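Undergrad:
Protein chains in written order, with UniProt numbering: chain A, 1 to 580; chain B, 1 to 128.
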């Protein structure tokens, strides 16, 4: 891939982000502008901003990689991300806006009239936000490394600096413009190359992608392994090897590998003849495969369970993601919040039509990615592989720019919401200056973690954020909005039980503490039991503490559900929940 | 319903037979409206009725989602289980393309229904 084009594209995206952010700064005058864009963002602009923020690198690069590796079953990820917005729309959107709170912690405090519940909610907001920021920074590092060969920490640092600058300078108003721009950039960056790729594929007699058998090399391909890996060869294979295979050194020799497992050491170059089947990379728990982690291996029962675990986590987890929730406060009223969500569903759905195309084409034209494990790079390398020439390089650069927009937009949204909570609940006094300080803090922690712990698998971090959010904030929001008898002790017990259980289960799996078989599957995909656990704990403890039902519950519920014109309360310019 | 205030465009023909009930209320406040803002039992009943209709709309939408999208994994296991080969073309069509318009249509139905519920409620409360 041509580095000059890619670097130019990434630089252009970063510059455009800074410029639009600066433009926003000039019209971002009041504190209210800063936090919630004065609540005057219309459905069109706001929906593009929400979509731009929501479509992270996991969507832009990860889904295609997953499909390439695992086949069409992985399309549950984008479907889940989209359906999550539908669940959010029908259960939460309008009441959340009408609650007049700014962050999820504000909602907890307003609904439960309890500072303790607020603090606990803040803890979860910051935790989930950091969990989600970490993979964005690491993904940026990985992408820049693939594109330019820069050391892995550079990409994360670039994203961190640009995002901190844009958020701290312009706040919500400028971020809204930046993210709306980035949605359209991401859509264009996937759509245009996809058209070229499909045309080229059509001109190539439209070969079919096969997912029920190992992928096949279409032409003679040389693959350099970056890490030491065990591969499974399912039929005798003759290839050229420079490096070490099964502890034997070769220098460009022809080697016949027998059926079975072989150890290929880092730095080895393998030359496969055309028509050879791509050896399977053996599953290895410590292997960072990017976003491309298998759902579950093993029998059909596990697979079905894992699929439903994923469905539940994504369907219910979306509403509790801090950067998603904070966006609803920028709508003028509950009705607009609903309509905005409808537009978001259209925009997000349109975007998700594209990544599967890259996944299927990647299976045909870049099958060696299943062997090197860099499947997340499928989107980036395809234009060069399929179209080729200067056109291929330009399209590749466009995709690189789009990928960077994905890192930037999601990271800005997360930083914005985490900083909002930090500045209200942790730092001593409010005001724009403290918000800026909070922004630096919000980004510094995940950046430090990403620099220290380079091998935290990104897929787990994203999946974990969804599972924890579905088990903690989903019960809080749904019961808080629709159930009169929720009490502060109940809500706090539910947050800790549901969210804590999901967090512990996934962390334990990650640490290798889960036994093989069903316990492993249950703990790796906790949503199916941790979400009911969160709901049941909240209900049971609330029913056991009936005297703690907040006195203002009827008034709050009326405010959440009545249309604004009926209540006739003045619409303050300041975020109401911020006035502590 | 309490007695309606006399229409404002015909003020001269007003026959006063007692203090109209609405005269005691601040202008611009329909009776039901103040029941709600003063949080009487009747006001709570109004709010509950709105919540119930909105929750019903939400549950209809969620049930449709569960039926049309949530049941797909089970459906996908059918062809291999029945020995009819693979479900893959169906998986591509359903998850790659068809799911999104379905989700959007459910969302549009819900938004319209919820707005209608609110309009009906406003009409009821304002006595129109």
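Glycine included, every Cβ here is placed at the ideal spot set by N, Cα and C.
Since the structure is predicted, the reported quantities are computational estimates derived from the model, not experimental observations.
(1) Are the C-beta atoms of residue 202(A) and some chain B residue less than 8 Å apart?
(2) Can you find a CB in chain A that lies within less than 8 Å of the CB of residue 122(B)?
(3) In this structure, does DSSP put residue 405(A) in helix, strand or coil?
(4) Nearest-angstrom Cα distance between residue 50(A) and residue 47(B)?
(5) Of all Cβ atoms in chain A, is any one closer than 8 Å to the Cβ of residue 45(B)?
(6) When you compare the CB of residue 116(B) with every CB in chain A, is at least one pair closer than 8 Å?
(7) What does the Cβ neighbour count give for residue 507(A), buried or exposed, with the cut at 16 atoms within 10 Å?
(8) I want to verify the contact list: residues of chain B whose CB lies under 7 Å from the CB of residue 73(A), in sequence order.
(9) Where does residue 102(A) sit, in a helix, a strand or coil, going by DSSP?
(10) How is the beta strand (DSSP E) around residue 352(A) delimited, first residue to last?
(11) In chain order, which alpha helix (DSSP H) runs of at least 4 residues are fully inside the region 306 to 333 of chain A?
(12) Kindly say whether residue 532(A), judged by its beta-carbon, lies nearer than 8 Å to any beta-carbon of chain B.
(13) Can you tell which of 550(A), 422(A), 219(A), 92(A) has the C-alpha that lies nearest to the C-alpha of residue 337(A)?
(14) So what's residue 51(A) in DSSP terms, helix, strand or just coil?
(15) Suppose only complete runs of 4+ residues qualify. What are the alpha helix (DSSP H) ranges in the region 44 to 76 of chain B, listed by chain order?
(16) Can you tell me the Cα-Cα spacing of residue 13(B) and residue 346(A), whole angstroms?
(17) Along the chain, which unbroken stretches of the alpha helix (DSSP H) at least 4 residues long are found entirely within the region 446 to 532 of chain A?
(18) Sorted by chain position, which residues of the same chain lie with C-beta nearer than 8 Å to residue 200(A)'s C-beta, five sequence neighbours on each side aside?
(19) Measuring only the C-alpha atoms, how far is residue 551(A) from residue 488(A)?
(20) To be precise: take each residue of the region 70 to 81 of chain B, compare its Cβ to all Cβ atoms of chain A, and keep it if any distance is under 7 Å. Which residues remain?
(21) Alpha carbon to alpha carbon, how far is residue 84(A) from residue 272(A)?
(22) Please confirm whether residue 245(A) and residue 279(A) have their CB atoms less than 8 Å apart.
(23) Please classify residue 4(A) as buried or exposed, where buried requires at least 16 other C-beta atoms within 10 Å of its C-beta.
(24) Given the structure, does residue 518(A) come close to the ligand ATP, in the sense that its CB is under 7 Å from one of the ligand's heavy atoms?
(25) What residues from chain A crowd round residue 67(B), counting only those whose CB sits closer than 9 Å?
(26) What residue ranges within the region 131 to 196 of chain A form continuous beta strand (DSSP E) runs of no fewer than 3 residues, ordered along the chain?
(27) The region 475 to 486 of chain A: which residues have C-beta closer than 7 Å to a C-beta of chain B, in chain order?
(28) Could you spell out the range, first to last residue, of the alpha helix (DSSP H) harbouring residue 386(A)?
(29) Quick one: is residue 108(B) near chain A, going by C-beta distance under 8 Å?
(30) My understanding is that residue 128(A) touches residue 322(A), with C-beta atoms under 8 Å, so please give their C-beta distance in whole angstroms.
(31) What did DSSP end up calling residue 257(A) once you bin it into helix, strand or coil?
(32) Counting only C-beta atoms, is residue 95(B) closer than 8 Å to chain A at any point?
(33) Hey, would you say residue 320(A) sits closer than 8 Å to residue 472(A), going by beta carbons?
(34) Tell me which residues of the region 50 to 64 of chain B have at least one Cβ-Cβ distance to chain A shorter than 8 Å, keeping chain order.
(35) Helix, strand or coil for residue 115(B), going by three-state DSSP, please let me know.
(36) What is the DSSP secondary structure of residue 220(A), reduced to helix, strand or coil?
TA: Walking through what the data contain:
(1) Not an interface residue.
(2) Residue 122(B) has a beta carbon lying within less than 8 Å of a beta carbon in chain A.
(3) helix
(4) Going by the C-alpha atoms only, they are around 31 Å apart.
(5) Cβ-Cβ to chain A under 8 Å: no for residue 45(B).
(6) no
(7) exposed
(8) 91
(9) coil
(10) Segment 334 to 352 is the alpha helix (DSSP H) holding residue 352(A); no beta strand (DSSP E) there.
(11) Runs found: 322 to 325.
(12) no
(13) 92(A)
(14) Reduced to three states, the DSSP call for residue 51(A) is helix.
(15) 72 to 76
(16) 56 Å
(17) 458 to 482, 488 to 494, 500 to 510, 518 to 524
(18) 386, 387
(19) 12 Å
(20) 70, 73, 77
(21) 43 Å
(22) In this structure, residue 279(A) does not lie closer than 8 Å to residue 245(A) by Cβ.
(23) exposed
(24) This structure does not include the ligand ATP; it has no bound ligands of any sort.
(25) Ordered by position in chain A, no residue passes the 9 Å Cβ test against residue 67(B), which lies about 13 Å from the chain.
(26) none
(27) So the close ones are 482.
(28) 378 to 386
(29) yes
(30) 6 Å
(31) strand
(32) yes
(33) Their beta carbons are under 8 Å apart, which means residue 320(A) touches residue 472(A) by this criterion.
(34) 50, 51, 54, 55, 57, 58, 61, 62
(35) helix
(36) coil
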